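Heads up: the structure comes next, in structure tokens.
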Amino acid sequence: MSDYRIKGETGEWEVVIGLEVHAQITTNAKLFSSAATAFGAEPNTQVSLVDAAMPGMLPVPNRECIRQAVRTGMAIEAQINRWSRFDRKNYFYADLPQGYQISQLYHPLVGEGAITVEADEKAGIPEPKVIGVERIHVEQDAGKLMHDQHPTMSYVDLNRSGVALMEIVSKPDMRSPAEAGAYVRKLRAILRYVGSCDGNMEEGSMRADVNVSVRRPGDEFGTRTETKNVNSVRFVMAVIEGEAKRQVELIESGGTVVQETRLYDPDRNETRSMRSKEDAHDYRYFPDPDLLPLELDDDFLVECRESLPELPDAKRDRYLALGISPYNADVLTAEVEAARWFDTLLDAGAKPVAAANWVTSELFGALNRMGRDLTDSPVSPQQAAELLGLVADGTISGTIAKQVFEKMLESGGGAAEIVERDGLKQTSDTGAIEAEIAKILAANADKVEQYKGGKEALFGFFVGQTMKAMQGKANPQVVNELLKKALG
Amino acid sequence: MTELTNLTVAQIRDGHRAGDFSAVEVAEAFSANVAGAKALNAFIVETPEHALEAAKQADADRAAGTLKPLSGVPIGMKDLFCTDGVQTTAASHMLEGFIPRYESTVSQKLWDAGAGMLGKLNLDQFAMGSSNETSYFGNVISPWRRKDGGNAALAPGGSSGGSSTAIAARLCPAATGTDTGGSIRQPAAFTGISGIKPTYGRCSRWGIVAFASSLDQAGPMARDVRDCAIMLENMAGFDAKDATSLNLPVPDWEAALSSDLKGKTVGIPKEYRLEGIDPDIDAMWDAGIAMLKDAGAAVVEISLPHTKYALPAYYIIAPAEASSNLARYDGVRYGLRDLPAKNSSGGGAGLQDMYAATRAEGFGPEVKRRIMIGTYVLSAGFYDAYYTQAQKVRTLIARDFEQAFASCDVILAPTAPSAAFGLGEKMADPLAMYLNDVFAVPASLAGLPAMSVPAALNREGLPLGLQIIGKAFDEQSVLNAGLAIEERAGFNARAEKWW
Numbered sequence: 016m017s018d019y020r021i022k023g024e025t026g027e028w029e030v031v032i033g034l035e036v037h038a039q040i041t042t043n044a045k046l047f048s049s050a051a052t053a054f055g056a057e058p059n060t061q062v063s064l065v066d067a068a069m070p071g072m073l074p075v076p077n078r079e080c081i082r083q084a085v086r087t088g089m090a091i092e093a094q095i096n097r098w099s100r101f102d103r104k105n106y107f108y109a110d111l112p113q114g115y116q117i118s119q120l121y122h123p124l125v126g127e128g129a130i131t132v133e134a135d136e137k138a139g140i141p142e143p144k145v146i147g148v149e150r151i152h153v154e155q156d157a158g159k160l161m162h163d164q165h166p167t168m169s170y171v172d173l174n175r176s177g178v179a180l181m182e183i184v185s186k187p188d189m190r191s192p193a194e195a196g197a198y199v200r201k202l203r204a205i206l207r208y209v210g211s212c213d214g215n216m217e218e219g220s221m222r223a224d225v226n227v228s229v230r231r232p233g234d235e236f237g238t239r240t241e242t243k244n245v246n247s248v249r250f251v252m253a254v255i256e257g258e259a260k261r262q263v264e265l266i267e268s269g270g271t272v273v274q275e276t277r278l279y280d281p282d283r284n285e286t287r288s289m290r291s292k293e294d295a296h297d298y299r300y301f302p303d304p305d306l307l308p309l310e311l312d313d314d315f316l317v318e319c320r321e322s323l324p325e326l327p328d329a330k331r332d333r334y335l336a337l338g339i340s341p342y343n344a345d346v347l348t349a350e351v352e353a354a355r356w357f358d359t360l361l362d363a364g365a366k367p368v369a370a371a372n373w374v375t376s377e378l379f380g381a382l383n384r385m386g387r388d389l390t391d392s393p394v395s396p397q398q399a400a401e402l403l404g405l406v407a408d409g410t411i412s413g414t415i416a417k418q419v420f421e422k423m424l425e426s427g428g429g430a431a432e433i434v435e436r437d438g439l440k441q442t443s444d445t446g447a448i449e450a451e452i453a454k455i456l457a458a459n460a461d462k463v464e465q466y467k468g469g470k471e472a473l474f475g476f477f478v479g480q481t482m483k484a485m486q487g488k489a490n491p492q493v494v495n496e497l498l499k500k501a502l503g
Numbered sequence: 189m190t191e192l193t194n195l196t197v198a199q200i201r202d203g204h205r206a207g208d209f210s211a212v213e214v215a216e217a218f219s220a221n222v223a224g225a226k227a228l229n230a231f232i233v234e235t236p237e238h239a240l241e242a243a244k245q246a247d248a249d250r251a252a253g254t255l256k257p258l259s260g261v262p263i264g265m266k267d268l269f270c271t272d273g274v275q276t277t278a279a280s281h282m283l284e285g286f287i288p289r290y291e292s293t294v295s296q297k298l299w300d301a302g303a304g305m306l307g308k309l310n311l312d313q314f315a316m317g318s319s320n321e322t323s324y325f326g327n328v329i330s331p332w333r334r335k336d337g338g339n340a341a342l343a344p345g346g347s348s349g350g351s352s353t354a355i356a357a358r359l360c361p362a363a364t365g366t367d368t369g370g371s372i373r374q375p376a377a378f379t380g381i382s383g384i385k386p387t388y389g390r391c392s393r394w395g396i397v398a399f400a401s402s403l404d405q406a407g408p409m410a411r412d413v414r415d416c417a418i419m420l421e422n423m424a425g426f427d428a429k430d431a432t433s434l435n436l437p438v439p440d441w442e443a444a445l446s447s448d449l450k451g452k453t454v455g456i457p458k459e460y461r462l463e464g465i466d467p468d469i470d471a472m473w474d475a476g477i478a479m480l481k482d483a484g485a486a487v488v489e490i491s492l493p494h495t496k497y498a499l500p501a502y503y504i505i506a507p508a509e510a511s512s513n514l515a516r517y518d519g520v521r522y523g524l525r526d527l528p529a530k531n532s533s534g535g536g537a538g539l540q541d542m543y544a545a546t547r548a549e550g551f552g553p554e555v556k557r558r559i560m561i562g563t564y565v566l567s568a569g570f571y572d573a574y575y576t577q578a579q580k581v582r583t584l585i586a587r588d589f590e591q592a593f594a595s596c597d598v599i600l601a602p603t604a605p606s607a608a609f610g611l612g613e614k615m616a617d618p619l620a621m622y623l624n625d626v627f628a629v630p631a632s633l634a635g636l637p638a639m640s641v642p643a644a645l646n647r648e649g650l651p652l653g654l655q656i657i658g659k660a661f662d663e664q665s666v667l668n669a670g671l672a673i674e675e676r677a678g679f680n681a682r683a684e685k686w687w
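Here the protein sequences come in this chain order: A and R.
For my numbering, count along the first sequence from 1 and bump the result up by 15.
For my numbering, count along the second sequence from 1 and bump the result up by 188.
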């Protein structure tokens, strides 16, 4: 249970949060037309006759959009409705050519499911929490108004008009900004694993309507407000925090929260009222008569399920079973690119625990320094596997491995090649090591005395000196054994 | 040359094929009739050049031995079908001057089959009306007149009133129509011609200006049953661009035409016997029953118990869909735009003012009435009482037919409760106008094929039509029963030329 509370003048308040996330489905074509969907195209260059709602034009569902929404539903273990239907949501606006949005109100494609967010003590999530998902339906996006093109007129860009969205509606199960943030991040990860949405919030591929209400802990739900189109995890959390405080202050000063739609202004970090319930549109939903009900057959559903990749939770469990630490498992599964990279590394023969440590510390550290990420890593999983293999089979030590990795980053060469070229191979030549040990013990007779006198911590000193003398190439295990012998 | 315009589609096709005349001669003859019939106001746009071009191609194809099914046949195109490069208005001010850069699937199929276009035919605005009086471009006048010594102008029926008039007045041998609640059958009946609304989904709706999507269905209108079959074969077919299109092969309806109805059973719905109906209608119906018996059919009485709810359900569902379908006419992207200089309170006008002014100006009274009705029945608090109930009724009506078709192959009924009425007679009373669709809307609600064939003249000398309703996908039985009536009714009356 979250113990996140807003401390008001009159006591503590609990925050209740529900999110409606709009995720743009990754497809080449729109939901009901064949127009392209690429981001950043010149205005009105990706508009079909259907998207512009020319007379007599008809929508035809894009199978791939439906498939991606179904796969997404399966990824959150949701009920998939074999029979669903499209409805029209009627309202007038210049960015809505048809005068209605085709959506699914009465019979959504995907029913109830759930998303589990991991425990995060620091964020106030003491244990994993299951957030219910009410439904996922598919719908058309609207176009975009541009108000900065002309002094007295607004321009309309219809490139987004008709683009396929999934609306993923959570239950009001979240109780803190951190939980909401974790939910959005987890949802984004799942979408990206499934490949149904690129999760790019900056480009508007994913945005959230944030429903917030406050109540005394244990009371009935309070009246909620809905803040529209919030486009980053940070903003989602800021909206919740700000809106909850606003509501508490409002109630405590004798006011009442009105059900309304609000807009978030990131520059001022505040929300303002857009329209109240009284001004709410009557959308006159009714089944779209241009479209037949959507009926999914077994073959379609089987293909959807079989084409699902291993998902974050399953992957995390698998990594844990391989002995990888929970922290590393979380880090490696958070982004689909990292997980894919790591899996390729394992496939190339790397040992899981060592590989996980190496990726999360050495590789991520190096990438960080270079300002790169895994997708443009200068070292491939195969190259990394080669490096880790050299450590695992005792060819080089961990210390040398760091040097080799640096050289790989500089030159792009293979690990074995560098080790060979620079003579970095680890040695287990007992003769050479014994000779160095003899010199070191002779030169440090006083420390030898102290060690023999019980100061066992000095053992590390002798190891270090020996390794140094061997230029790091001595097999540490052999060094240990020989030192123990020599020190009697 | 005038006799060429008396030929049917089949006669033109066969005569042209045989070399009796050229397609150019046919096109020119019909275009001359079109040009000479302005008084009927059947066309909104005349396109003799289109017809001529297709005719030249047809003559060339004949020489090359590459004739197509409709080579040499010029037709009229209801102005609800979008035609590439030719103004398409749906008879509205809203779309006045709108020239699509695309061709509707049905019209494209007809051009691909070799047909030429004589022009775009007048209709009720957005296909909403039963008399063609709601057209922004003026009403069509029926070529028919009562034999009462008067010269009262009569309604050609609606909404396909330009189509019915053009065919009846020999301005074209055939035309396209669309039927949402009788818009092919009722005008056909009013003007003594034939017309068939096929099973919902047979003809693609792509490129047809939408009225009520779940009901709209294109179909042919022509002088006789054979021509309807020929035309329909060249209009129907699966279209991936229409999600409600039927993915079925198009039968060879013409080849399978047969008026021998032995082994067939005709159902007579008792609920269609209306109290106080014009006795001429009942007499025609009885005569039709006798004709089908004569053709070998058995006749049984059937019951369609929910018939009386069909009209109210239709006038909820159709306006509901229309209110949404017509939302796209907003002045933003095409068609009429009326942006007032100032808003009602004297400030600068904005988007809402543009919507209001454009739609007030662009839609006629009947269209506005239906948008208002549709908006009302879909609004919060009324949706269940109206729209949901109407959909239930629709399901019950479809079930009525299903049960009835367990004991018969086709159903015979009048097409309309009266002959053509005078222009202006019903415009003041929308309900009386809507009642004209009483026999037509049940088949529309059930999506069934239905046709009207001319069966008799009433005592005023006006044509009356009989309606044949068939099972889904069984246009053939409908056409065959129509043919049996056509052969026996011997209907050869035509309007005397006065225009």
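Here a beta-carbon is modelled for each residue, glycine too, at the ideal position from N, C-alpha and C.
On a predicted model such as this, the values are computed, not experimentally measured, just so you know.
Exercise. Report the partner residues of Trp98 (chain A) according to the DSSP bridge assignment.
Key: If you number the first sequence from 1, residue 98 (chain A) lands on position 83. Per DSSP, A:Glu310.
Exercise. Indicate whether at least one CB of chain R lies closer than 9 Å to the CB of Thr276 (chain A).
Key: One-based indexing of the first sequence puts residue 276 (chain A) at position 261. It does not; no Cβ of chain R falls within 9 Å.
Practice problem: Rounded to whole angstroms, what's the CA-CA distance from Glu325 (chain A) to Asp297 (chain A)? Just pull it up for me. | Solution: Residue 325 (chain A) sits at position 310 when you count from the first residue of the first sequence. Residue 297 (chain A) sits at position 282 when you count from the first residue of the first sequence. One C-alpha to the other measures close to 43 Å.
Exercise. May I ask you to list the residues that DSSP assigns as paired with Asp367 (chain R)?
Key: Numbered from 1 along the second sequence, position 179 holds the residue referred to as residue 367 (chain R). DSSP, once it has assigned bridges, lists R:Gln405 as partnering Asp367 (chain R).
Exercise. Please list the residues of the stretch 383-402 of chain R that have a C-beta atom closer than 8 Å to any C-beta atom in chain A, keeping them in chain order.
Key: Arg393, Trp394, Gly395, Ile396, Val397, Ala398, Ala400, Ser401, Ser402
Self-check item: Inside the stretch 579-649 of chain R only - alpha helix (DSSP H) runs reaching at least 4 residues
Solution: 618-623, 629-634
Quiz item: Is the CB of Ala134 (chain A) under 9 Å away from at least one CB in chain R?
Solution: Mapped onto the first sequence, residue 134 (chain A) falls at position 119. Cβ-Cβ to chain R under 9 Å: no for Ala134 (chain A).
Quiz prompt | the stretch 305-312 of chain A in contact with the stretch 255-275 of chain A per 3-pair CB rule at 8 Å | solution = no
Exercise. Name the residue from R:Gln664, R:Leu524, R:Gln540, R:Gly369 whose alpha carbon lies nearest to the alpha carbon of Asn531 (chain R).
Key: Here the question's residue 531 (chain R) lines up with position 343 in the second sequence. Of the listed residues, the one whose Cα sits closest to Asn531 (chain R) is R:Gln540.
Quiz item: Along chain A, in chain order, which residues have C-beta atoms closer than 7 Å to that of Cys270 (chain R)?
Solution: Within the second sequence, numbered from 1, the residue matching residue 270 (chain R) stands at position 82. Within 7 Å Cβ-Cβ: Pro70, Gly71.
Quiz item: By Cβ distance, which residues of its chain are closer than 8 Å to Gln119 (chain A), with the 5 residues on each side in sequence left out?
Solution: Translated into the one-based positions of the first sequence, residue 119 (chain A) becomes position 104. Hits under 8 Å: Ser99, Arg100, Phe101, Asp102, His152, Val153, Glu154.
Quiz item: In terms of residues, what are the limits of the beta strand (DSSP E) holding Val488 (chain R)?
Solution: Sequence index remark: in the second sequence, residue 488 (chain R) carries index 300 (1-based). Its beta strand (DSSP E) spans residues 486-490.
Quiz prompt | Cα-Cα separation between Ser6 (chain A) and Asp358 (chain A), rounded to whole angstroms | solution = What the structure shows of chain A is the stretch from 16 to 503, and residue 6 (chain A) is not part of that stretch, so it cannot be assessed.
Quiz item: Helix, strand or coil: which one does DSSP assign to Pro288 (chain R)?
Solution: Taking the first residue of the second sequence as 1, we reach residue 288 (chain R) at position 100. DSSP places Pro288 (chain R) in coil when its eight states are reduced to three.
Self-check item: Presumed contact (8 Å Cβ cut-off) between Val178 (chain A) and Thr52 (chain A), rounded CB distance
Solution: Against the first sequence, residue 178 (chain A) aligns to sequence position 163. Against the first sequence, residue 52 (chain A) aligns to sequence position 37. Going by Cβ atoms, the distance from Val178 (chain A) to Thr52 (chain A) rounds to 5 Å, so yes, they are a contact pair.
Quiz prompt | Contact set between Glu241 (chain R) and chain A, taken where Cβ atoms lie within less than 9 Å | solution = Here residue 241 (chain R) is taken as the residue at index 53 of the second sequence, counted from 1. The contacting residues do not exist; Glu241 (chain R) stays about 24 Å from chain A at best.
Self-check item: Simplified DSSP assignment, three categories, for Ser433 (chain R)
Solution: The count along the second sequence starts at 1 and reaches residue 433 (chain R) at position 245. If DSSP states are grouped into helix, strand and coil, Ser433 (chain R) belongs with coil.
Practice problem: For Ala354 (chain A), count neighbouring C-beta atoms within 10 Å of its own C-beta (all shown protein chains included) and say buried if the count is 16 or more, exposed if not. | Solution: What you label residue 354 (chain A) is simply residue 339 of the first sequence in a count that begins at 1. Ala354 (chain A) is buried by the Cβ-count criterion.
Quiz item: If you count every other CB in all the chains shown that lies within 10 Å of the CB of Pro288 (chain R), and 16 or more means buried, which is it?
Solution: Taking the second sequence and counting its residues from 1, one reaches residue 288 (chain R) at position 100. So Pro288 (chain R) ends up on the buried side.
Quiz item: Near Val419 (chain A), what residues of its chain come up, given a Cβ to Cβ distance below 7 Å and the 5 sequence neighbours on each side ignored?
Solution: The residue labelled residue 419 (chain A) in the question sits at position 404 within the first sequence. Within the same chain, Val419 (chain A) has close Cβ partners Leu402, Ile411, Ala430, Ile433, Val434, Leu439.
Quiz item: If you draw a straight line from the C-alpha of Thr190 (chain R) to the C-alpha of Glu216 (chain R), how long is it?
Solution: Stepping through the second sequence from its first residue, residue 190 (chain R) is reached at position 2. Stepping through the second sequence from its first residue, residue 216 (chain R) is reached at position 28. With a pLDDT of 46 at Thr190 (chain R), under the threshold of 50, the predicted position of this residue should be treated as unreliable, though the coordinate-derived value follows. Using only the alpha carbons, I get a separation of about 10 Å.
Quiz item: At least one CB of chain R closer than 9 Å to the CB of Asn43 (chain A): is that the case?
Solution: Counting from 1 along the first sequence, the entry for residue 43 (chain A) is found at position 28. With 9 Å as the cut-off, Asn43 (chain A) does not count as an interface residue toward chain R.
Quiz item: Which partner residues does Met89 (chain A) have in the DSSP bridge list?
Solution: Mapped onto the first sequence, residue 89 (chain A) falls at position 74. BP columns for Met89 (chain A) are empty, so no partner.
Self-check item: Nearest-angstrom Cβ-Cβ length linking Phe209 (chain R) and Leu306 (chain R), presumed shorter than 8 Å
Solution: Here the question's residue 209 (chain R) lines up with position 21 in the second sequence. Here the question's residue 306 (chain R) lines up with position 118 in the second sequence. Phe209 (chain R) to Leu306 (chain R), Cβ: 17 Å. No contact.
Exercise. Determine, using beta carbons only, whether Asn96 (chain A) and Arg299 (chain A) come nearer to each other than 9 Å.
Key: Within the first sequence, residue 96 (chain A) is the residue found at index 81, counting from 1. Within the first sequence, residue 299 (chain A) is the residue found at index 284, counting from 1. No, the Cβ-Cβ distance between Asn96 (chain A) and Arg299 (chain A) is not below 9 Å.
Quiz item: Quick one, which residues of the stretch 419-433 of chain R are near chain A if we go by CB-CB under 8 Å, in chain order?
Solution: Ala428, Lys429, Asp430, Ala431, Thr432
Quiz item: Quick one, which residues of the stretch 287-320 of chain A are near chain R if we go by CB-CB under 7 Å, in chain order?
Solution: Asp297, Arg299, Phe301, Pro304, Asp305, Leu306, Leu307
Exercise. Kindly say whether Val148 (chain A), judged by its beta-carbon, lies nearer than 9 Å to any beta-carbon of chain R.
Key: Translated into positions along the first sequence, residue 148 (chain A) becomes position 133. No, because no Cβ of chain R sits closer than 9 Å to the Cβ of Val148 (chain A).
Quiz item: According to DSSP, what are the bridge partners of Glu27 (chain A)?
Solution: Residue mapping note: residue 27 (chain A) aligns to position 12 of the first sequence, counting from 1. For Glu27 (chain A), which the question treats as bridged, DSSP gives the partners A:Lys22.
Quiz item: Where do the N-terminal and C-terminal ends of the beta strand (DSSP E) with His152 (chain A) fall, by residue?
Solution: As a working mapping, residue 152 (chain A) is identified with position 137 in the first sequence. Looking at the DSSP string, the run of the beta strand (DSSP E) that includes His152 (chain A) is 144-155.
Exercise. Return the bridge partner residues of Ile456 (chain R) from the DSSP annotation.
Key: As a first step, residue 456 (chain R) must be located in the second sequence, where it is residue number 268. In the DSSP output, where bridge partners are listed per residue, Ile456 (chain R) has R:Glu489.
Exercise. Can you say whether Asn513 (chain R) is buried or exposed, counting buried as having 16 or more other CB atoms within 10 angstroms of its CB?
Key: Looking up residue 513 (chain R) in the second sequence gives position 325. Buried, since its Cβ has 16 or more Cβ neighbours within 10 Å.
Quiz item: Is Thr190 (chain R) close to chain A, meaning its C-beta is less than 9 Å from at least one C-beta of that chain?
Solution: The count along the second sequence starts at 1 and reaches residue 190 (chain R) at position 2. Here the model assigns Thr190 (chain R) a pLDDT of 46, short of 50, so the residue's position is not dependable, and the following value carries that caveat. For Thr190 (chain R), the answer is no, since every Cβ of chain A falls outside 9 Å of its Cβ.
Quiz item: Does Thr276 (chain R) get closer than 9 Å to chain A when you measure Cβ to Cβ?
Solution: Residue mapping note: residue 276 (chain R) aligns to position 88 of the second sequence, counting from 1. Closer than 9 Å to some Cβ of chain A, the Cβ of Thr276 (chain R) qualifies, so yes.
Quiz item: When DSSP labels each residue in this structure, what does Asp388 (chain A) get in the three-state scheme?
Solution: Numbered from its first residue, the first sequence carries residue 388 (chain A) at position 373. In this structure, Asp388 (chain A) counts as coil in the three-state DSSP scheme.
Practice problem: Use the C-beta contact count for Asn680 (chain R): other C-beta atoms within 10 angstroms, 16 or more gives buried, fewer gives exposed. | Solution: Within the second sequence, residue 680 (chain R) is the residue found at index 492, counting from 1. Classification of Asn680 (chain R): exposed, given that the 10 Å Cβ count is below 16.
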